[in-house]
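Here is the structure we will look at, set down as structure tokens.
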Amino acid sequence: MSDDEADPELLDFLRQHFAKAAAPEPVADIHVLEGAEYVYDNAVDVALDMRSTKAAAAMISEQMQKKEYSTKTWASHELHPKAKDESTVNFIFTMDLLNFSFWSEKGEDERFAIEYKDRKWTGYWSLVAALQRALDEDIPITSSDFWQNEDECTEEVLKHVFRSCTQEEIPMFKERMACLREAGQVLYEKYQCSFTNCIVAANNSAAALVNILATDFPCFNDVVRFENRKSVRLLKRAQICVADIWAAFEGEDFGKFDDIDKITMFADYRVPQILNTLGCLWYSPQLENAVRGKKLIESGHSWEIQMRGCSIWCVELIRREILRNHPDTKINAILIDFFLYDTMKEMEKAGQEPIPHHRTRSIWY
Ligand SMILES: Nc1nc2c(c(CN[C@H]3C=C[C@H](O)[C@@H]3O)cn2[C@@H]2O[C@H](COP(=O)(O)O)[C@@H](O)[C@H]2O)c(=O)[nH]1
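Going by our numbering, the first residue of the sequence shown is number 46, and it counts up by one from there.
In structure tokens:
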């Protein structure tokens, strides 16, 4: 057994110990869907088109079957870690701490990009490439001890980790450094410096792990106030972190969750774009003009919340429609989301973006 592989007896002992010590209140839910439905019911600038949503469900179900889309697809991505051990858990935690706001207003050749394995990587993949490159350079970028060590993990070292091969540096560098410092501090204070202890404390509950992330790590607490009257939990990075672990471990070992289907779509800036392209999401003329004009939409603006909330609700309706036609399907909101994101990236690569994604700069997605 390699050092990294978890000893089942030790895991059980830790599970018992942490399950008692740090068990959050019995978690019924992550309360994301109810907030998304509220936003959908009260949205005036975004609407769902049911006919297109039904058609999308049929297309997605058929395409996912054809491509044999499953949790295995996650590790098939060239840059994603393949090892089924603690090093991958730490990689995913680091990655999803920083998995936000890669978009740029510069052209394809000037935008922030990471050079790795003789290729230029942009967007989300630039983050994954930067982390892999740092590990290749023996920089312990996925270690929370390192993040906490201000003598070793200096701003200069982090600038080196995220150095661009263009003139544009990574967006929100300072916020990313703050996320690492904060997470390192929380892991030190509450989880013996290891994220795997958060997984053990969640006791095989995806909802519990999402709530641990949202409660104990402020930079994961993606909650908005919709039109000053309702607090809505969107929890995009907390949810995608749990989903990435579930997919990377194919639902086993560190990725074993009894309630994984409580996880919703991850409200980012790519899936709303493809849902709009598929005709599922409709924008009011003012909103459509703002998106097409690549206007900056402030984080927390009603338009932004309507696009994010209605996207979560739309993917839920797609999931229910697929389940209605295929009662024994394994397809859940996570796999639908992963499929839609990957499909949108293929369209982007082919230069087929009928409408841009919306422009909001924030650490939440
Ligand atoms: N909803 C959703 N959002 C996702 C992803 C991913 C990548 N997940 C990988 C894991 C399994 C999948 O198969 C993917 O290969 C990144 N993002 C978000 O998109 C934005 C980056 O966009 P761009 O700058 O164009 O790369 C940014 O907000 C980032 O947080 C996803 O899957 N779903």
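Ideal Cβ placement from N, Cα and C applies to all residues, glycine included.
Collapsed DSSP secondary structure at residue i in the structure displayed
i: Ser329; result: coil
i: Leu341; result: strand
i: Lys275; result: strand
i: Asp290; result: In the sequence as presented, Asp is not what sits at residue 290; that position holds Ile. Three-state result, Ile290: helix.
i: Val89; result: coil
i: Ile105; result: helix
i: Arg315; result: coil
i: Lys307; result: helix
i: Tyr410; result: coil
i: Tyr169; result: helix
i: Tyr386; result: helix
i: Ile159; result: strand
i: Arg270; result: strand
i: Arg208; result: coil
i: Thr199; result: coil
i: Phe58; result: helix
i: Ala51; result: coil
Selected residue, minimal CA-CA separation from residue i, among the options
i: Val77; options: Gln331, Gln397 and Lys307; result: Lys307
i: Arg406; options: Met95, Glu79, Asn144 and Gln331; result: Asn144
i: Pro434; options: Gln351, Ala174 and Cys198; result: In the structure as shown, the chain starts at 46 and stops at 410, and residue 434 therefore has no counterpart that could be examined.
i: Cys224; options: Gly354, Ala246 and Asp141; result: Asp141
i: Ala288; options: Arg178, Asp190, Phe138 and Ser239; result: Phe138
i: Val202; options: Asp183, Tyr169, Ala92 and Met217; result: Asp183
i: Gln108; options: Phe384, His402 and Trp409; result: Phe384
i: Tyr386; options: Arg226, Ile215 and Arg315; result: Arg315
i: Thr241; options: Ile408, Asp304, Ile290 and Lys275; result: Ile290
i: Trp348; options: Gln331, Glu220, Gly152 and Gly338; result: Gln331
i: Phe218; options: Val255, Ala103, Ala293 and Phe147; result: Phe147
i: Ile257; options: Phe271, Tyr236, Arg270 and Asn273; result: Tyr236
i: Val269; options: Leu59, Trp409, Leu55 and Arg96; result: Trp409
i: Arg156; options: Lys390, Ala247, Glu213 and Asn249; result: Glu213
i: Ala101; options: Arg404, Thr388, Tyr328 and Lys394; result: Thr388
i: Ala378; options: Glu50, Asp57, Tyr114 and Asp52; result: Tyr114
i: Lys204; options: Arg178, Glu227 and Arg404; result: Arg178
i: Gly80; options: Phe191, Ala259 and Ile357; result: Ile357
Closer than 9 Å to chain C by CB, residue i
i: Lys165; result: The question asks about chain C, but that chain is absent: this structure has only one protein chain.
Given 8 Å as the limit, is there contact between the segment 325–345 and the segment 115–134, that is, 3 or more CB pairs closer than that? no
Is it true that the segment 158–173 meets the segment 202–214, where meeting means three or more beta-carbon pairs spaced less than 8 Å apart? Result yes; three or more Cβ-Cβ pairs closer than 8 Å.
Pairs of beta-carbons, one from the segment 397–410 and one from the segment 311–326, closer than 8 Å: are there three or more? yes
Counting pairs of Cβ atoms below 8 Å between the segment 81–93 and the segment 253–266, do you hit three or more? no
Inter-stretch contact (C-beta, 8 Å, three-pair minimum) for the segment 229–241 and the segment 370–389: no
Assess contact between the segment 358–368 and the segment 122–129, defined as three or more Cβ pairs (one per stretch) separated by less than 8 Å. Is contact present? No, they do not touch.
Between the segment 348–364 and the segment 277–287, do three or more beta carbon pairs fall short of 8 Å? yes
What ranges does the alpha helix (DSSP H) occupy inside the segment 209–265, keeping only unbroken runs of at least 4 residues that lie completely in it? 218–235, 241–246 and 251–261
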